[in-house]
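So in this note's numbering, spot 228 of the sequence shown is number 226, and the numbers just go up one at a time. Backbone N, C-alpha and C define an ideal beta-carbon position, used for all residues, glycine too. These notes are about the structure you will find just below.
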Amino acid sequence: MKLSQLAYKTLRDTGADTETSSHSLLLQAGFIHQLGAGIYSYLPLALKAIKNIESIIRFEMDKTGAQEILMPHIQPQELWDLTGRSTAFGDNLFTLKDRRDRGLVLAPTHEESVTTISKSIVQSYKDLPFTFYQIQTKFRDEARPRAGLIRVREFAMKDAYSFSPDEQSLDQIYEAMAIAYQNIYRKCEIPVLMAEADSGAIGGKDSHEFIFPTESGEDTVITCSNCSYTANVEKAVGLLISSNTEAEGSQIEIPTPGVTSIQEACTFLNVTPDQTLKSLCYSADNQLIMVCIRGDLTVNEIKLKQTLNAKELRVASNTEIEQLGFSLGSISPVGIDDMTIIGDESITTRRNFTAGGNKPETHLQNVNYPRDFNVSQITDISLVTDSHLCKKCENKLEAIRGIEIGHIFKLGTFFSESLGLHFADQDGKQQLPLMGCYGIGVGRLLAATVEANHDEKGIIFPKSVSPYQVHLIALNSTDQECSDTAGSIYNSLWDRGISCLFDDRLDQSAGVKFRDSELFGIPLQVIISPRNIQNSVCEIKVRKTLETYSIPLEDSIEHIAKSI
-1 MKLSQLAYKT LRDTGADTET SSHSLLLQAG FIHQLGAGIY SYLPLALKAI
49 KNIESIIRFE MDKTGAQEIL MPHIQPQELW DLTGRSTAFG DNLFTLKDRR
99 DRGLVLAPTH EESVTTISKS IVQSYKDLPF TFYQIQTKFR DEARPRAGLI
149 RVREFAMKDA YSFSPDEQSL DQIYEAMAIA YQNIYRKCEI PVLMAEADSG
199 AIGGKDSHEF IFPTESGEDT VITCSNCSYT ANVEKAVGLL ISSNTEAEGS
249 QIEIPTPGVT SIQEACTFLN VTPDQTLKSL CYSADNQLIM VCIRGDLTVN
299 EIKLKQTLNA KELRVASNTE IEQLGFSLGS ISPVGIDDMT IIGDESITTR
349 RNFTAGGNKP ETHLQNVNYP RDFNVSQITD ISLVTDSHLC KKCENKLEAI
399 RGIEIGHIFK LGTFFSESLG LHFADQDGKQ QLPLMGCYGI GVGRLLAATV
449 EANHDEKGII FPKSVSPYQV HLIALNSTDQ ECSDTAGSIY NSLWDRGISC
499 LFDDRLDQSA GVKFRDSELF GIPLQVIISP RNIQNSVCEI KVRKTLETYS
549 IPLEDSIEHI AKSI
């Protein structure tokens, strides 16, 4: 492609709302165009990179034995009603009606569709296992699209779905997919952490997210550098150091006028947050419960929901709390014996807590469990922080921010059961196939590739992803000999099957051409100038290292072919 013919426009200023380097660089380089909130077009250079990423994905999926199909964007809503996901997906689900007033869904994912397809294929254990995959557009009505291609409302995803007759088969496919994903990220030169993740409402035995570590990420993973334990913060478990060495003091009631928060209590009473007992009220399936946790920690609502086996969980409203007779800002489990109280393990790690007094502007000091209050259950319901120790090796844990760029998931029998997918086993008994699902957002993978591979000058594409293999630059295109020499190299490269972007522009300076070349991030730059021609050489510049060297013109094609 000749740059003089390429439909693109680089930008000097991408605006103040670009949160990530990838968003800024892809806009600045003219790779993407924003049509609306979370809605983007891929322009020619981006689309070439996307196609290369898709080729990497297809190669790795095919290597696992997965079979590519293509399912429709539009699905009957009745399928989603059968699985309950038309409600569970909430406002993120795009819905519409046809002319006969039948409900339809713009697919955010394809479990319902692929399970329905499999019903027409699977009859016996002999029909299993198999895996389908597709690269297809998805739609999600995100409340807050952000960070360019990271969180959008329309996006391409590679989603794969496996069907197995037993746990052993599912485990084998799951492991093969995990390896395939790691190969994909390696080829895109993206460092990843494979983190244990929550299995969600659908259940299933295992779930792992692939996290690209970056401060601009919206996810947090907890990791141990000693034993490599890694988990999403929602799934992570840890140990807290116990400090139960002091004697239990006598409980004291103290007036605390105007104090309604942990921080205010700490300031007023000269204590630290870990010396306080935080009590919160929740509604679990419309039943009000209390949760007690150390004041420096945060309730992990996913763990709490699983502990209660609740379908719905929310923080109780102020009105609900007051109707229970509690005073806002002074809630405590002390003296409460007529409601379910869930205690976090942290309440056993120290003595003499400061807690609410269950009446206005009053707190209690030297509150101790179990001397002063009872709970229905002690369990782990806290979000793990870097103050926790690793449960496996007791080493210090670290919290790392990152972007989720893939998720693999053992679904179990949820969709098989909901949609009536069965098979006859070797004894002729009807069984439910076990499903797995495996997703990668393709646009998000492009963004992560740029996020992981850039410098202050622009993008640094890996060879496997770059829209072109070579960026050929004619520094003085008005010089006929320079133009002819560069044109000859351009044609020879294409004849050798080497893709080349040729900057043949007549109206741009050498400085502009160099800046654009560095911004685009194509791995190998080949520079032709009148002075180089006079010396019978061409200049080679490696984008990643910025190394520059000269080679004889007559050897240029062979050298480039070996370098790409």
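Close beta carbons around D139, own chain, < 8 angstroms, minus the five adjacent residues each side = The beta carbon of D139 sits closer than 8 angstroms to those of D89, N90, L91, F92 and R151, all from its chain and outside the five residues before and after it, given in chain order.
inquiry  = Quick test of the definition: if touching needs 3 or more C-beta pairs under 8 angstroms, does the stretch 377 to 397 touch the stretch 119 to 130?
reply    = Result no; under three Cβ-Cβ pairs closer than 8 angstroms.
request  = Less than 8 angstroms between the CB atoms is what I'm expecting for T218 and Y227, so what's the real figure, rounded?
outcome  = Going by Cβ atoms, the distance from T218 to Y227 rounds to 15 angstroms, so no, they are not a contact pair.
inquiry  = For a test of the three-state rule: what should DSSP assign to E66, helix, strand or coil?
reply    = Three-state DSSP puts E66 in a strand.
query = In this structure, what does DSSP give as the bridge partners for R149?
reply = Answer by DSSP bridge pairing, in chain order: R144.
message = For a test of the three-state rule: what should DSSP assign to H206, helix, strand or coil?
response = Strand, per DSSP.
message = If I follow the unbroken beta strand (DSSP E) through V313, where does it start and stop?
response = Where V313 is concerned, the enclosing beta strand (DSSP E) stretches over L311 to V313.
ask   = When the distance is taken between beta carbons, is L504 closer than 7 angstroms to S475?
value = Their beta carbons are under 7 angstroms apart, which means S475 touches L504 by this criterion.
Residue from K203, I496, L417 and Q180 with nearest C-alpha to I209 = Selected option, being the one with the closest Cα: Q180.
task = Give me the Cα-Cα distance between A195 and E216, rounded to the nearest whole angstrom.
result = Using only the alpha carbons, I get a separation of about 15 angstroms.
query = From D342 to S162, what distance separates their C-alpha atoms?
reply = Pairing D342 with S162, the inter-Cα distance amounts to about 38 angstroms.
key: Best match in I48, K203, D370 and R292 for proximity to P460 [C-alpha to C-alpha]   = The residue from I48, K203, D370 and R292 with its alpha-carbon nearest to that of P460 is I48.
message = Could you check whether the Cβ of L551 sits closer than 6 angstroms to any heavy atom belonging to the ligand SAH?
response = For the structure depicted, the ligand SAH is absent and the ligand set is empty, with no information on it obtainable.
ask   = Given 8 angstroms as the limit, is there contact between the stretch 509 to 524 and the stretch 454 to 470, that is, 3 or more CB pairs closer than that?
value = Output reads yes: the stretch 454 to 470 touches the stretch 509 to 524.
inquiry  = Using the three-state DSSP reduction, which class does N366 fall into: helix, strand or coil?
reply    = It is coil, neither helix nor strand.
task = Would you tell me roughly how many angstroms separate the C-alpha atoms of R541 and D501, rounded to the nearest one?
result = Cα to Cα, the separation comes out at about 16 angstroms.
inquiry  = Which residue wins for smallest C-alpha separation from T8, given the options T16, T18, S328 and S22?
reply    = Answer by Cα proximity: S22.
ask   = Between the Cα of R399 and the Cα atoms of T411, T383 and C498, which residue gives the shortest distance?
value = With distances taken between Cα atoms, R399 lies closest to T383.
N-terminal and C-terminal residue of the beta strand (DSSP E) that R292 is part of = That run of the beta strand (DSSP E) goes Q285 to R292.
request  = Below 8 angstroms on the Cβ atoms is my guess for Q428 versus Y123; work out the distance and round it to an integer in Å.
outcome  = Their Cβ separation, rounded to whole angstroms, is 11 angstroms, which puts Q428 and Y123 out of contact at 8 angstroms.
query = Based on the DSSP secondary-structure assignment, which residues constitute the bridge partners of L499?
reply = Beta-bridge pairing links L499 to H469.
query = If we count Cβ pairs, one from each stretch, closer than 8 angstroms, do we get three or more for the stretch 246 to 264 versus the stretch 314 to 327?
reply = Taking a cut-off of 8 angstroms on C-beta distances, the stretch 246 to 264 touches the stretch 314 to 327, as three or more cross pairs fall below it.
query = Unbroken beta strand (DSSP E) runs of length 3 or more, entirely within the stretch 77 to 159: which are they?
reply = Runs found: 92 to 95, 101 to 104 and 128 to 137.
key: CB of D545 within 7 angstroms of CB of K455, strictly   = Reading off the sequence, residue 545 comes out as Glu, not Asp. No, they are not a contact pair.
request  = Give the single residue among A176, R348, D477 and I119 whose Cα lies nearest to the Cα of A245.
outcome  = The shortest C-alpha separation from A245 is found at R348.
inquiry  = Rounded to the nearest angstrom, what separates E109 and F413 at their Cα positions?
reply    = A direct Cα-Cα distance of roughly 7 angstroms separates E109 from F413.
Assigned secondary structure, Q478 (DSSP; H/G/I helix, E/B strand, else coil) = DSSP places Q478 in the helix class (H, G or I) of the three-state scheme.
request  = Could you tell me whether the stretch 344 to 364 touches the stretch 266 to 275, where touching means 3 or more Cβ pairs closer than 8 angstroms?
outcome  = Under the 8 angstroms Cβ criterion, the stretch 344 to 364 counts as touching the stretch 266 to 275, having at least three qualifying pairs.
inquiry  = Between A314 and Y280, how many whole angstroms is the CB-CB distance? I'm expecting something under 8 angstroms.
reply    = That pair is a contact at about 6 angstroms.
query = Are the beta-carbon atoms belonging to S248 and N364 less than 7 angstroms from one another?
reply = Their beta carbons are under 7 angstroms apart, which means S248 touches N364 by this criterion.
query = With distances taken between CB atoms, is the gap from E402 to E207 smaller than 7 angstroms?
reply = Closer than 7 angstroms, so yes.
Uninterrupted alpha helix (DSSP H) stretches inside the stretch 313 to 356 (no shorter than 4 residues) = Listed in chain order, they are 316 to 321.
request  = Assess, as a yes-or-no matter, whether the stretch 404 to 420 is touched by the stretch 430 to 450 under the definition of 3 or more beta carbon pairs within less than 8 angstroms.
outcome  = Taking one beta carbon from each stretch, the stretch 430 to 450 and the stretch 404 to 420 have 3 or more pairs nearer than 8 angstroms; the two touch.
ask   = Under 7 angstroms between the Cβ atoms of I555 and S490?
value = Taking 7 angstroms as the Cβ cut-off, I555 and S490 qualify as a contacting pair.
task = Identify whether G439 lies in helix, strand or coil by the three-state DSSP scheme.
result = Looking at G439 - three-state DSSP - the assignment turns out to be strand.
ask   = Tell me the DSSP bridge mates of I457?
value = BP columns for I457 point to H452.
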